[in-house]
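I have placed the structure first, in the form of structure tokens, so that the comments after it can refer back to it.
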Amino acid sequence: MVGARPQFVKLAPICRAMGGLNIQHQIVHTGQHYDANMSDSFFVDLQIPAPDLHLGVGSGSHGAQTGRMIELLESAFVDLKPDCILVYGDTNSTLAAALAAVKIHLPLAHLEAGLRSRNRRMPEEHNRVLTDHAADLCLAPTEAALSNLRDEGLASRSALTGDVMTDVCLDTAERVKDGRVSTKGITGSSEYILATIHRADNTDSRERLSSIIEGLDGLGSLVILPAHPRLVAKAREFSIDLDLPNIEIVDPLSYLELISLAMGARSIVTDSGGLQKEAFLLRVPCVTVRSETEWQETVDLGWNMLCNDPSQLSVILNELCPQPTSAAPYGRGGAALNAAKTILEWNF
Ligand code: UD1
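This note's numbering numbers the first residue of the sequence shown as 11 and each following residue consecutively.
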């Protein structure tokens, strides 16, 4: 069960692992992300079969979007009669599927369980906590995530699998390592910073968004900024000019393009959970524009610094001085196979 961009990325290795174990696997797409470059390009790039069912839910307020999904998912699940529903991550699609599944007593597994930001302003934090507590099986990507699940009394329903993002990121890095994938619209520069900003807390206030854009423009290097639709819509609503001398705005990138661009970047500035970790896996220094992270290992190992004050972005970026490390808190690949085996063998 998927619906949003980060879930398609995680689906790719899971799909392959399910196939390898001869598990009959059907894909339901809620339609939370519907633009071709937010959805279709991931299925093509990562060789994921087209969804068996596409619900076409689209955008809306949290309640309206989640509510529409629950209703449609319930009837889809009744028709499909699966032995298990697998949900990914922390989006509204995740929570909707979790609620739809448990209400009709279908076994529920949650991939990327146990992550916590402790920030109750984040819609994703509520989505992940509620989904973990609804799930029959919590698949934890890291020791820290497993420890969070234990602390919340969920040990007997939890298993450590490693992080499937490692599988897909390292595979993709191998595919693109021999040269930068041509990226439409990017004029190119040998020295650039890659940036992405899309979290509601960063985009949904005029003051906050405009100080982030100002901070990015003042980093002293070209900033390539693949713009999420939320960022573009909010900048337009607040009359914030994105056409600045040091910022090159491009449409959302395919996964291959993103990894290729990340590998060549001097550093990364982001509020994305996925990109913080990809930066670490590719050993590119990263600044995260938030006050906390679910991926604390990246900070502890010196490859990621938090910066919640956009006027300090340049200072923090210059302070970053990560040392080479062979630490692998997210595993070294093979997590999708672990997750698929665990689901197959779990006594639901
Ligand atoms: C969602 C997830 C977030 C995840 C992000 C990845 C929730 C609460 N948040 O945030 O955890 O990191 O996806 O991108 O589920 N839109 C389009 N085209 C699209 C998709 C969205 O134009 O294909 C626009 C719509 O105007 C929509 C806005 O973007 O209102 C935000 O989309 P939405 O899916 O609600 O949340 P994201 O910000 O993408």
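Quick reminder that beta carbons are idealized off the backbone N, C-alpha and C, glycines included.
Host beta strand (DSSP E) of I223 (start-end): As a working mapping, residue 223 is identified with position 213 in the sequence shown. No beta strand (DSSP E) contains I223, which is instead part of the alpha helix (DSSP H) from 216-227.
State the start and end residues of the unbroken beta strand (DSSP E) segment that holds T298. Against the sequence shown, residue 298 aligns to sequence position 288. 296-298 is the extent of the beta strand (DSSP E) around T298.
Taking the alpha helix (DSSP H) that M273 falls in, what are its first and last residues? Walking along the sequence shown from the start, residue 273 turns up at place 263. That run of the alpha helix (DSSP H) goes 265-274.
Could you name the residues of the same chain whose beta carbon sits closer than 7 angstroms to that of A245, not counting the 5 residues immediately before and after it, in chain order? Within the sequence shown, residue 245 is the residue found at index 235, counting from 1. These residues qualify, in order along the chain: L219, L252.
Between which two residues does the alpha helix (DSSP H) carrying H425 extend? The shown model of the chain, from 11 to 358, leaves out residue 425, and the question about it has no answer.
Check each candidate in I222, D62, A74 and name the one with the smallest Cα separation from L90. Here residue 90 refers to the residue found at position 80 when the sequence shown is read from its first residue. Nearest of I222, D62, A74 to L90, Cα basis: D62.
Do D173 and G341 have their C-beta atoms within less than 8 angstroms of each other? Here residue 173 refers to the residue found at position 163 of the sequence shown. Here residue 341 refers to the residue found at position 331 of the sequence shown. Yes. Within cutoff.
Quick check on the DSSP output: the alpha helix (DSSP H) that includes P23 runs from which residue to which? Residue numbering aside, residue 23 sits at position 13 when the sequence shown is read from its first letter. Per DSSP, the continuous alpha helix (DSSP H) segment holding P23 begins and ends at 15-30.
Helix, strand or coil at T303 according to DSSP, with G and I counted as helix: Taking the sequence shown and counting its residues from 1, the one referred to as residue 303 is at position 293. T303: coil per DSSP, three-state reduction.
With a CB to CB cut of under 7 angstroms and the five nearest residues on each side skipped, what residues in its chain are close to T141? In the sequence shown, the residue the question calls residue 141 occupies position 131. Excluding residues up to 5 positions away in sequence, V97, T104, L105, A108, H120 lie with their Cβ nearer than 7 angstroms to the Cβ of T141 in the same chain.
The region 266-282 contacting the region 297-309, beta-carbon criterion three pairs below 8 angstroms: yes
Answer with buried or exposed for P236, where buried requires no fewer than 16 other C-beta atoms within 10 angstroms of its C-beta. Counted from its first residue, the sequence shown places residue 236 at position 226. By the 10 Å Cβ count, P236 comes out buried.
Only counting the same chain, and skipping five residues up and downstream in sequence, which positions put a Cβ closer than 6 angstroms to that of S127? Residue mapping note: residue 127 aligns to position 117 of the sequence shown, counting from 1. Here the set comprises E135, E302, E304.
Across which residues does DSSP place Y98 in a beta bridge pair? As a position in the sequence shown, residue 98 is number 88, starting the count at 1. DSSP lists L121 as partners of Y98.
Neighbourhood of the ligand UD1 [Cβ distance below 5 angstroms to any heavy atom], ordered by chain position: A14, R15, Q42, H43, Y44, D45, M48, S69, T101, N102, P133, E134, P239, R240
Rounded straight-line distance, which links the Cα of I353 to that of A165: Along the sequence shown, read from residue 1 onward, the residue named residue 165 stands at position 155. Along the sequence shown, read from residue 1 onward, the residue named residue 353 stands at position 343. Their backbone Cα atoms lie some 16 angstroms apart in a straight line.
Looking at C-alpha atoms only, which residue of F53, T101, V186 is the closest neighbour of G73? By 1-based counting over the sequence shown, the position of residue 73 is 63. With distances taken between Cα atoms, G73 lies closest to T101.
Have a look at L263, P332, I223 and flag the residue whose alpha-carbon is nearest the alpha-carbon of D319. Within the sequence shown, residue 319 is the residue found at index 309, counting from 1. The candidate whose alpha carbon is nearest that of D319 is I223.
Cα-Cα separation, L268 to G68: Numbered from 1 along the sequence shown, position 258 holds the residue referred to as residue 268. Numbered from 1 along the sequence shown, position 58 holds the residue referred to as residue 68. Near 24 angstroms, if we compare the C-alpha coordinates of G68 and L268.
Residues of its chain near R15, where Cβ-Cβ distance is below 6 angstroms and the 5 sequence neighbours each way are ignored: Numbered from 1 along the sequence shown, position 5 holds the residue referred to as residue 15. The residues are H43, M48.
Between A183 and I257, what straight-line distance do the alpha-carbon atoms span, to the nearest angstrom? What you label residue 183 is simply residue 173 of the sequence shown in a count that begins at 1. What you label residue 257 is simply residue 247 of the sequence shown in a count that begins at 1. Near 25 angstroms, if we compare the C-alpha coordinates of I257 and A183.
Spatial neighbours of A110 within its chain, please: CB distance less than 7 angstroms, with the 5 preceding and 5 following residues excluded, ordered by chain position. Along the sequence shown, read from residue 1 onward, the residue named residue 110 stands at position 100. Non-local beta-carbon contacts of A110 in its own chain, meaning distances under 7 angstroms to residues more than five positions away in sequence, involve I80, L83, E84, F87 in chain order.
Quick check: R276 and E329, are their CB atoms within less than 8 angstroms of each other? In the sequence shown, counting from the first residue as 1, residue 276 sits at position 266. In the sequence shown, counting from the first residue as 1, residue 329 sits at position 319. E329 sits away from R276, with the two beta carbons spaced by 8 angstroms or more.
Range of the contiguous alpha helix (DSSP H) that encloses A346: Along the sequence shown, one-based indexing puts residue 346 at 336. Note, A346: alpha helix (DSSP H), 345-355.
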